[in-house]
Amino acid sequence: MAMLEMLGQAVWDVFGSMVAVAVLCYAAWNAFKVVHHPEFAAPVLLGAVGLVVATSMTSQFTKMMIVYLMLAAFVLWPAGRAWHKYQEKRRH
Numbered sequence: 117m118a119m120l121e122m123l124g125q126a127v128w129d130v131f132g133s134m135v136a137v138a139v140l141c142y143a144a145w146n147a148f149k150v151v152h153h154p155e156f157a158a159p160v161l162l163g164a165v166g167l168v169v170a171t172s173m174t175s176q177f178t179k180m181m182i183v184y185l186m187l188a189a190f191v192l193w194p195a196g197r198a199w200h201k202y203q204e205k206r207r208h
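For the sequence shown, position 56 matches number 172 in the working numbering, and the numbering has no gaps at all.
Laid out in structure tokens, this is it:
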């Protein structure tokens with residue numbers, strides 16, 4: 117039974133943190149899309165990573181979220197810049 121609990125916890129840490137990061141990224145993207153600058157979502161997410169690291173939250177779930185947030189920030193930044201450039205071309 118202990119082995120199943122460990123497996124369940126590992127699955128929760130990996131997939132739960134992925135879902136949590138996806139929700140955070142979606143919320144940040146849409147919040148900054150309102151002001152036509154979704155590329156600002158990446159620095160905000162990196163700031164959130166810095167805040168979590170500074171407060172020394174060290175659960176495995178939090179560590180996984182930090183890794184996924186850092187990866188997502190490096191994907192969101194160029195995607196946001198491309199979206200912004202596309203919107204500028206569309207307006208003119």
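Even for Gly, the Cβ is constructed at its ideal location relative to N, Cα and C.
Asked	Found
Leaving aside the five residues before and after residue 145 along the sequence, list all residues of the same chain whose C-beta is less than 8 Å from its C-beta, in chain order.	154, 157, 192 and 196
So, for residue 177: in the same chain, excluding its five sequence neighbours on each side, which residues have a beta-carbon less than 7 Å away from its beta-carbon?	129, 132 and 133
Measuring straight from C-alpha to C-alpha, what distance separates residue 180 and residue 166?	14 Å
Please return the same chain residues whose Cβ sits closer than 8 Å to the Cβ of residue 200, not counting the five positions on each side in sequence.	152, 153, 154 and 155
Are the CB atoms of residue 135 and residue 188 nearer to each other than 8 Å?	no
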